[in-house]
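Trainee: Numbering (the working numbering), first residue to last: 1 to 327.
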Amino acid sequence: MAFPLTRMRRLRRTGALRGLVRETQLDAGDFILPFFVTHGSDRREPIAAMPGVERLSIDHVVAAAGEAAALGIPAVMLFGIPDHKDDDGSGAWDDEGIVQLATRAIKRAHPDLLVIPDLCLCEYTSHGHCGVLRADGHVDNDASLELLARTAVSQARAGADVIAPSDMMDGRVGVLRGALDEAGFADLPILAYSAKFASAFYGPFREAAVSTPAFGDRRSYQMDPANGDEALREVALDVEEGADMVMVKPALPYLDVIRRVKEMTRLPVVAYNVSGEYAMVKAAAAAGHLDERATVLETLTAIRRAGADVIITYHASDAARWLQEAT
Ligand SMILES: [Zn+2]
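Laid out in structure tokens, this is it:
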């Protein structure tokens, strides 16, 4: 049935009609808000490339997490900035480490809020890589797994609600599942950073988390941005090893991958709307080139439409507020 029988504009005529047939709904209940947490008290350090995002001491993170919960955001993600780093990244599995302390503090204050600590070594290693370095400068996959497993169990003991490995070592989901089960945490879900691309969009994050590699780059473990089929293989392996949720990171340049992962797995798919995606919108809005609110809501809607069930985003609180105002 073509024109004039079919007129697509009939259902766009009024706001009520458009709302009635809207396919994708944005809901604060699907957002995860990330935090950068640092030692000390009453500390707030702005991050130049990410206006509105700060490195916060635990007292401020607890307060900000409470504000997020009040806006209907169900989960927060924690990136730790330790006060010392070493070759192995031992701060990652220290039961008194920054992320463990922050997890306990948030769970004490807001027991219903989900706390998801990032699980990687790069924030804790002096060289800034995501695993153990061999003498030749290569990251040793299998030696790193043991340290990641220790970290997962330590985070679980601190009260983490989800374990979220972001390192991209081969076989880590299976090893973490085994370690968690053995330690009595068989009920703790794993959100795997399955298709994590070696992306230029992580630039502002590295400033925020002070985790720029001291040499080289992460292309020997993160994925080549050119590869979609390989992303599906990564996801399939993580699912086979026991991942309960899978992630695609970044989001906006990889909407096709999000869609393919959703269709292949039918698992909850999480997309990480990363620091560079955030920084671009903030910079363009500050320069008066974009309407921030409209751009953010459109971006998040597009990520959901592509197939993401959950979005990790630094815009979470703003977006939640805007969605409340709209209703
Ligand atoms: Zn890492």
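Glycine residues also receive a C-beta, built at the ideal position from the N, C-alpha and C atoms.
Where does Ser41 land, buried or exposed, given buried means 16+ other C-beta within 10 angstroms?
Mentor: Ser41 comes out exposed.
Trainee: According to DSSP, simplified to helix, strand and coil, what is Met223?
Mentor: Strand.
Trainee: Using three-state DSSP, classify Leu114 as helix, strand or coil.
Mentor: Here Leu114 sits in strand by DSSP.
Trainee: Using a Cβ-Cβ cutoff of less than 6 angstroms, which residues in the same chain neighbour Gly91 once the five nearest sequence positions on both sides are dropped?
Mentor: Taken in chain order, the residues that qualify are Pro82, Gly97, Tyr124.
Trainee: Measuring only from the beta carbon, is Ser334 closer than 7 angstroms to any heavy atom that is part of ligand 1?
Mentor: The shown model of the chain, from 1 to 327, leaves out residue 334, and the question about it has no answer.
Trainee: What's the gap between the Cα of Ala251 and the Cα of Leu5?
Mentor: Rounded to the nearest angstrom, the two C-alpha atoms are 39 angstroms apart.
Trainee: Can you tell me the Cα-Cα spacing of Gly242 and Lys85, whole angstroms?
Mentor: Each residue's alpha carbon lies about 31 angstroms from the other.
Trainee: Could you pull out every residue in the same chain whose Cβ sits closer than 7 angstroms to the Cβ of Cys122, ignoring the five residues on either side in sequence?
Mentor: Gly128, His129, Cys130, Ser211.
Trainee: When the cut-off is 8 angstroms and only beta carbons count, does Ala209 lie next to chain B?
Mentor: Given the protein chain composition of this structure (a single chain), no chain B is represented.
Trainee: What residue ranges within the segment 89-155 form continuous beta strand (DSSP E) runs of no fewer than 3 residues, ordered along the chain?
Mentor: Segments of the beta strand (DSSP E) lying fully in the segment 89-155: 114-119.
Trainee: Could you name each continuous beta strand (DSSP E) segment of 3 residues or more that falls completely within the segment 5-69, going from the start of the chain to the end?
Mentor: List check, beta strand (DSSP E) in window: 31-38, 44-46, 54-57.
Trainee: Less than 8 angstroms between C-beta atoms, sequence neighbours within five positions excluded: which residues of the same chain meet that for Ser220?
Mentor: So the list reads His138, Val139, once near-sequence residues are dropped.
Trainee: For the beta strand (DSSP E) containing Ser317, name the first residue and the last one.
Mentor: It is not in any beta strand (DSSP E) - Ser317 instead sits in the alpha helix (DSSP H) that spans 316-326.
Trainee: For the segment 166-178 against the segment 192-201, are there 3 or more C-beta pairs whose distance is under 8 angstroms?
Mentor: Result yes; three or more Cβ-Cβ pairs closer than 8 angstroms.
Trainee: How big is the Cα-Cα spacing for Met247 and Leu114?
Mentor: Their backbone Cα atoms lie some 17 angstroms apart in a straight line.
Trainee: Quick check on Ala152: buried or exposed, where buried means 16 or more other Cβ atoms within 10 Å of its Cβ?
Mentor: By the 10 Å Cβ count, Ala152 comes out buried.
Trainee: Buried or exposed: Gly52, going by 16 or more other Cβ atoms within 10 Å of its Cβ?
Mentor: Gly52 should be labelled exposed.
Trainee: By how many angstroms is the C-alpha of Arg22 removed from the C-alpha of Ser199?
Mentor: Each residue's Cα considered, the two are about 32 angstroms apart.
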